[in-house]
Every structure is written in structure tokens, then in C-alpha cells.
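In our numbering, the protein residues as written are 1 to 295. Virtual Cβ for every residue (Gly too), placed ideally from N, Cα, C. Quantities reported herein were computed from a predicted structural model and do not represent experimental measurements.
What follows is the structure, encoded as C-alpha cells:
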């Protein structure tokens, strides 16, 4: 418990808190101090950022001030703001996140964009998501493709609990099935050609680069969802052929990959004998491949 006298030393207005938070985050060397300050302040006050800007004199309650001070300490300690808030905006929705799952990133929305294109016009298509994490990709595809059904797999029970929670929150549970499993390992020959789309954002950070990641990734996001082996391609090598076998003719495999991995992936994809293409994210970097199974 905090001493009662401490409350009086905390900022008494929304503007004061915004200044205090941003200054603390800037001094801690955090990359987007103003953005983080605005997000945390809006969440704590239960107001949107427009209200806060329009009413800088708005006084937080004592409980809100205590919460903001706790969040200030957590954020200056390096904890990602998304884990503090417990959510992240992705595609068209807000997804719950926790340290059990990767924080969804804008570049991963390309999987949703390309997946929706692949599934357009198909009746009740089946989607398989590997390394599902929060489920943000597969669940976003369910929002874009009426009638689609999703089977989401993740090796982490804690991650799968987050994905199931998101499916419930978005009203998508009737079209969602979650299974704790390592990639496509549970499937045998009986499951061949069962899915219209296999989609994944697998671990792809080379092991030697993990300790050089920004602290809020290195120390907070699950290493299980980051580490991709010596060159970052272990999961692509292990999953590509079995995933392709699960796709119906005319369907596709979509997988995200990291910077500098296009050349070795081109060799892996060429070995399948199936047509493929690469897609770049908004920064112009190749970000995912689309491997089609010929009819």
C-alpha cells in the first residue's frame, strides 16, 4: 500500500499526468514516449484521447492516479505498453494480449490482407493457423470471410487460452477451434487436402540475434515465439511440406518471414515444384510468401 501522503505528490490533472508520463518515458529512452503516455492515460481515465486533449484540466481520481503511477513504473522498467494495457489493436479489432503471446504488429496484417484475397468467393473455406498466438490473424480472417471456419494451433497452452478468449470476445467462437499442438504435427495422411488456406507467423529470429533485440522484445515477449534456429528458418523447413500437403488444390500456404530471408526461402519454395510469390510490407521489405497448390 502507498502512504496516503503520496497521492498529494502526484499530478492533479490529465495534462499534468501526460507531461509526467511522457517525461519519464523519454528519460528512460523509450521510443515513443508521447504515444505511450496518451495510451496509458486514456485507458486509466476511461476516456478517449480526444477528450483528454480537450479537457487538460480533468482531475483523475485518487485510484486512477495510483494506477497511473504503477503503470509509469512498469513502462519505465521496459514492459511493453500493450502488456500493461492487456490489448493491442490489429486489423479491425482489439485483441487481448499477455506475455504468453507476441504483440501483434502492423506488418503482420499483410497475412490477413492476402489471406482474404485467396479465400474470396469460396464457400465455407477452412483455415488452419499455425503458431496462432493471440489468434489475431486467423480471427481477423474470420471477420473478413463470412462462413469461414478456423482451426488454430499453438504449442503453448497459455497462448491458446488467449486465442480462445479473443474468439469469445469477438463473437467468433462458433467458427473457431483451438488445439495445443506443435505446428502441423497432429495431422496425418487422412487430413491431406482438408484446408483452403494455411497461414502462419512462425518464429523466425536467428538465435544469434535474440540478445540484440530491443529490451521490450528480448526481455518480455515469449522466446518460444521468436527463436527460429541458427538462421531463423527452422520452422519454415519443418512446416512447409506438411502444410502444403494439408492444402486443397487451388489453396495456398501464407507464411511471414524476417529481413534477409527471402533468398534461402526462394530455394525452399522452388523445391516444392509449386508456384509461389513474395509480398512486401508497407516499408517495401519482403514480408511473406504465398505458396499455391496447383489444381
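- Measuring C-alpha to C-alpha distances from residue 99 to each of 224, 255 and 252 identifies 224 as the nearest.
- A Cβ-Cβ separation of about 13 Å leaves residue 180 out of contact with residue 129 under the 8 Å criterion.
- Under the 10 Å beta carbon count, residue 51 is surrounded by fewer than 16 other beta carbons and is classified as exposed.
- For residue 232, the CB contacts under 7 Å within the same chain, skipping 5 residues up- and downstream, are 204, 205, 206, 258 and 261 in chain order.
- Pairing residue 109 with residue 254, the inter-Cα distance amounts to about 12 Å.
- Residue environment for residue 124: exposed (fewer than 16 other C-beta atoms within 10 angstroms of its C-beta).
- Taking every protein chain shown into account, the CB of residue 250 has fewer than 16 other CB atoms within 10 angstroms, so this residue is exposed.
- If you draw a 10 Å sphere on the C-beta of residue 184, you find 16 or more other C-beta atoms in it, and that means buried.
- Nearest neighbour of residue 196 by Cα position, chosen from 246, 285 and 45, turns out to be 246.
- Cβ-Cβ separation between residue 102 and residue 11: approximately 33 Å, too far for a contact (criterion under 8 Å).
- One alpha carbon belongs to residue 244, the other to residue 97, and they sit about 29 Å apart.
- Look at residue 138 here: in three-state DSSP terms it is helix.
- Distance from the CA atom of residue 279 to the CA atom of residue 265, rounded to whole angstroms, is 13 Å.
- If you draw a straight line from the Cα of residue 289 to the Cα of residue 60, it comes to about 48 Å.
- Taking C-alpha positions only, residue 68 is separated from residue 230 by approximately 41 Å.
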